[in-house]
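Q: Oh and the sequence shown: position 291 is 291 in full-length UniProt numbering, straight run, nothing missing. Sharing a structure, written as structure tokens. Questions coming.
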Amino acid sequence: MQFRGMVRHFPEMRSKLPFDGSPSSALPVSPSQTTHVPPPTTLAETLWSSAKHYAVRQREEPTGPVDEAVFAEILDGYDEDVVFVHVGLSDVNAAFDGDPYEFVRDHLDARFDSILTPAFTQSFRRTGEFHRTDSEPELGAFAGLFFDDADYRTADPLHSIQVCGDYRFDGCTVRDTFGPDGCYAQLERDDVRILDIGTRWLVSTQLHYIERVTDVPYSETVEIDGTVRYPGGTEEEITQRNYSKNNYLYFWDRLGIQRDLIDDGVLDHHDLNGLRVVSVSARDLRDALEPRIAEDPYYLVR
């Protein structure tokens, strides 16, 4: 008998998923229920990286007033039609007068045709229940407020994307979140602009996608059974493929990744009196990280 929210581990075949995203035939791999443990030296490095970033996250970093014209000039430098945003409203509130959500929305609406944000619901891993239009985002105040304004939301019960505007994910394989035909693969194909406002460092779910297509040894693909409900009362029993890894052992080295991307000239990083504005395109992100991961499969986490 299968229960809702049941997770089946389904490791990817190592080196069987080409970087071009086209699937190839492969023999099945025996499922693993244990956490991948790297060599001792690598383990020490990943633990140190995780501890270092935990300490940084606990540190208070005040944000002061920011000249709106300076902020606007940064956004004016991007000419894409579509933007995927992550926003820390507390820092925005400290930097500018007025409602921080409306402030950000007004600036984004003036420059982009479609605005995308996360609408993640990690509770599906536990409950196996998701409603496409009623399940509210569980991560971030901006995403929760955006939820009331969104025109569209993907039917991914874990890592859904909500949209204001005409951008859509027609034809994507929504049941394989970070697969080569999924929504995050489309973001890369379309080279969507990733924009972080008021976050401590680079924030991008594309890193999960990059881990998948580069087949890193510490992350596996699992299958999660559950029910997706839709407006009008229809429902669907589904199996969702998504990642699984030990985030305590394998926390992304966000500071190191950010530093390398800045050195490569592909990531913009502005510190406006404590308000950080960080941006990179989805394609540049993979192009910069993929060769580093090929040289060191643990690059992202140590």
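All residues carry an ideal CB built from backbone N, CA and C; glycine is no exception.
Buried or exposed for residue 48, please, with buried defined as at least 16 other CB atoms from any protein chain shown within 10 angstroms of its CB.
A: Residue 48 comes out exposed.
Q: Out of curiosity, what's the CA-to-CA distance linking residue 251 and residue 258?
A: Rounded to the nearest angstrom, the two C-alpha atoms are 14 Å apart.
Q: Just the Cα atoms here: how many angstroms apart are residue 288 and residue 264?
A: Approximately 7 Å, taken between the alpha carbons.
Q: Quick check on the burial criterion: 16 or more other C-beta atoms within 10 angstroms. Buried or exposed for residue 218?
A: Counting Cβ neighbours within 10 Å, residue 218 comes out buried, since at least 16 surround it.
Q: What number of angstroms, rounded off, separates the C-alpha of residue 189 from the C-alpha of residue 284?
A: About 11 Å.
Q: Can you find a C-beta in chain D that's less than 8 Å from the C-beta of residue 288?
A: Among the chains of the structure shown, chain D does not appear; only one protein chain is present.
Q: Would you identify the three-state DSSP class for residue 130, choosing helix, strand or coil?
A: Three-state DSSP puts residue 130 in a strand.
Q: What's the gap between the Cα of residue 111 and the Cα of residue 43?
A: Their backbone Cα atoms lie some 44 Å apart in a straight line.
Q: Report the three-state DSSP secondary structure of residue 259 (helix, strand or coil).
A: Helix at residue 259.
Q: Below 8 Å, how does it come out for the stretch 225 to 236 and the stretch 114 to 129: are there three or more Cβ pairs, yes or no?
A: Segments in contact, yes.
Q: Go to residue 102, then tell me how far its alpha helix (DSSP H) extends in each direction, as first and last residue.
A: Per DSSP, residue 102 belongs to the alpha helix (DSSP H) from 100 to 109.
Q: Using only CA atoms, which one of 180, 178, 176 and 187 lies nearest to residue 169?
A: Cα-wise, what sits closest to residue 169 is 187.
Q: Can you tell me which of the three DSSP states residue 39 falls into?
A: In the structure shown, residue 39 sits in coil (DSSP, three-state: anything other than H, G, I, E or B).
Q: Relative to the alpha-carbon of residue 105, which residue among 54, 77, 165 and 176 has its alpha-carbon at the smallest distance?
A: The shortest Cα separation from residue 105 among 54, 77, 165 and 176 belongs to 165.
Q: With distance defined between alpha-carbon atoms, name the residue in 156, 275, 297 and 107 nearest to residue 61.
A: Closest option to residue 61, Cα to Cα, is 275.
Q: Going by CA-CA distance only, name the one from 261, 147, 200 and 207 that's closest to residue 55.
A: Of the listed residues, the one whose Cα sits closest to residue 55 is 200.
Q: Which residue wins for smallest C-alpha separation from residue 143, given the options 124, 109, 75 and 101?
A: Looking at the Cα atoms, 101 is the closest of the given residues.
Q: I need the straight-line Cα distance from residue 108 to residue 133, nearest angstrom please.
A: When rounded, the distance between both Cα atoms is 23 Å.
Q: Taking all protein chains shown into account, do 16 or more other C-beta atoms lie within 10 angstroms of the C-beta of residue 211, making it buried, or fewer, making it exposed?
A: Buried, because 16 or more other Cβ atoms sit within 10 Å of the Cβ of residue 211.
Q: Check whether the Cβ of residue 109 sits closer than 7 Å to any heavy atom of the ligand SAH, and report yes or no.
A: Questions concerning the ligand SAH fall outside what the structure shown contains, since it holds no ligand whatsoever.
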